[in-house]
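With our numbering as the guide, the letters of the sequence shown map in order to residues 10 to 340. Glycine residues also receive a C-beta, built at the ideal position from the N, C-alpha and C atoms. The model shown is predicted, which means the values in this text are computed figures rather than measured ones. Reviewing the structure listed below.
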Amino acid sequence: MALDLDMLRKPNSRKKGLKILVYGPTGVGKTVFGLSFPEIIAMDSEDGYAWYEGTERAKNLLGIVDSQSFDDLANLIDELDENVDDFKTLIIDSETKIYENIQEALQEVEESRAIRKGKDVLDANLSVRSWGKIKQLASRLQNLKLKLASQGINIVSIAQASDVMKDAGGGVRVKTGEKPDMAKKAPFDYDVVLRLFTRDNKYFGVVEKDRTDTYARGAEIENPSYANWAKRLEADDNKGNVIVKDFSKDKKKAKVAYEESITSEMPFEDQVADFLSLLEGQDKKQEFATKVKEMTGSKTLSALTKEQQNKVIKYMNEQKVKILDETPVAA
């Protein structure tokens, strides 16, 4: 029997961008790798493009935003989302600086709080609440990138490397590897993860992940560039319609469902009070009162039957979805 669910779609060929994360220490060719991609808008947080501007290597560079600000990057992606026909690649160089910017901003907030409370600034550390906010902002940024990629835009995220350490006993810690210095779970969102390094004065990349099946895990590529994945990106199964994926909406759905699960256990009058708290201004509240009267024919909530109350609850839940659609997830 065929499934008939509104949320299902048939698998088909569609246009999609490559989401690739490259990381490594300084001097391994991370920026040069990014510049090999077509029609680039770059977020340069390390002034790494200064010596490439105006040279042959920067021939694909359409524009640069010089900033380490998370807000600037989020605003840039929002603007690019409305102009996806004007470019093909977004480079963020580096994700490490953007992530540090979020942490530094919230650290300053914690220090300001400490001063206001008469505490020692040196004892002000990021609170559990602040770390939760950092995770929230990082997640929002990833979802913005995923939305662009779903419209056929290549996302090249560049990160510095940090050491992976292991306790060897006796108070000794040894290095066992490297990882990208960015939000902990961010690498899971990429189609390709490439660790860059040098050997014998040559540049290499080792493939740690490749959803495109172009390379096996552990494969080493000398002088990696866009050309290594160009054939896969230009294949027939990467053509056709665009399916825009905005995963931030899923968070809003989850928030609505969570709120509904809580409010459903409240008395009807409390559910109404909770809904009214979401409405801004007396005009909105008056509109709600008018709507309730239209639906039930009653001016007072206490006079409503159970069936009438359920009508009002259904209406309030529908309005909550609209209100949350107009509210930024990370606000």
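Residue from the options with nearest C-alpha to residue i
{"i": "V93", "options": "N210, V215, E113, E48", "result": "E48"}
{"i": "V281", "options": "G306, Q318, T314, F197", "result": "Q318"}
{"i": "P34", "options": "P276, L205, I107", "result": "L205"}
{"i": "D200", "options": "E65, D219, F284, I101", "result": "D219"}
{"i": "S76", "options": "Q112, P196, D102", "result": "D102"}
{"i": "A160", "options": "A51, N110, I86, E104", "result": "One detail in the question is off: residue 160 reads as Gln in this sequence, not Ala. Closest by alpha carbon: I86."}
{"i": "D283", "options": "T299, A244, N326", "result": "N326"}
{"i": "G43", "options": "A244, I100, N210", "result": "I100"}
{"i": "P233", "options": "E243, T207, D176, D246", "result": "T207"}
{"i": "K106", "options": "D90, T221, L285, D56", "result": "D56"}
Neighbour-count burial assignment, residue i, 16 or more Cβ in a 10 Å radius
{"i": "M174", "result": "exposed"}
{"i": "T98", "result": "buried"}
{"i": "P360", "result": "Shown here, the chain extends from 10 to 340; a query on residue 360 therefore has no answer."}
{"i": "D53", "result": "buried"}
{"i": "R149", "result": "buried"}
{"i": "L82", "result": "buried"}
{"i": "N110", "result": "buried"}
Contacting residues, own chain, Cβ-Cβ under 6 angstroms from residue i (five flanking each side not counted)
{"i": "Y61", "result": "A67"}
{"i": "Y235", "result": "S45, F46"}
{"i": "T104", "result": "First, the residue type needs correcting, since residue 104 is Glu and not Thr in the sequence shown. Contacts found: S166, A168, M191."}
{"i": "G287", "result": "A small correction: the amino acid at residue 287 is Leu; Gly does not occupy that position in the sequence shown. Result list for L287: I332, in chain order."}
Residues of its chain near residue i, where Cβ-Cβ distance is below 8 angstroms and the 5 sequence neighbours each way are ignored
{"i": "K302", "result": "K308"}
{"i": "T305", "result": "L313, Q317, K320, V321"}
{"i": "L285", "result": "K294, F297"}
{"i": "D198", "result": "K28, Q151, K154, L155"}
heavy atom of the ligand SAH below 7 angstroms from residue i C-beta
{"i": "K68", "result": "This structure lacks the ligand SAH, and indeed carries no ligand of any kind."}
Check whether residue i and residue j have beta carbons under 8 angstroms apart
{"i": "K39", "j": "V31", "result": "yes"}
{"i": "A170", "j": "Y108", "result": "no"}
{"i": "K294", "j": "Y324", "result": "no"}
Nonlocal neighbours in the same chain, by C-beta distance under 7 angstroms from residue i, ignoring five residues either side
{"i": "L71", "result": "E48, I49, I50, F96"}
{"i": "F256", "result": "Caution is warranted here: a pLDDT of 41 is assigned to F256, below 50, making its placement in the model unreliable, and the coordinate value is therefore given only provisionally. Once the five neighbours on either side are set aside, the close Cβ partners of F256 are N152, L155."}
{"i": "A158", "result": "K25, G26, K28, I164"}
{"i": "Q328", "result": "none"}
{"i": "E278", "result": "L310"}
{"i": "D259", "result": "Per-residue confidence for D259 stands at a pLDDT of 44, beneath the threshold of 50, marking its modelled position as unreliable; no derived number is given."}
task = Go through the stretch 153 to 195 residue by residue and report every complete run of the alpha helix (DSSP H) that reaches 4 residues or more, in order.
result = none
ask   = In chain order, which beta strand (DSSP E) runs of at least 3 residues are fully inside the stretch 35 to 113?
value = 49 to 53, 70 to 75, 98 to 102
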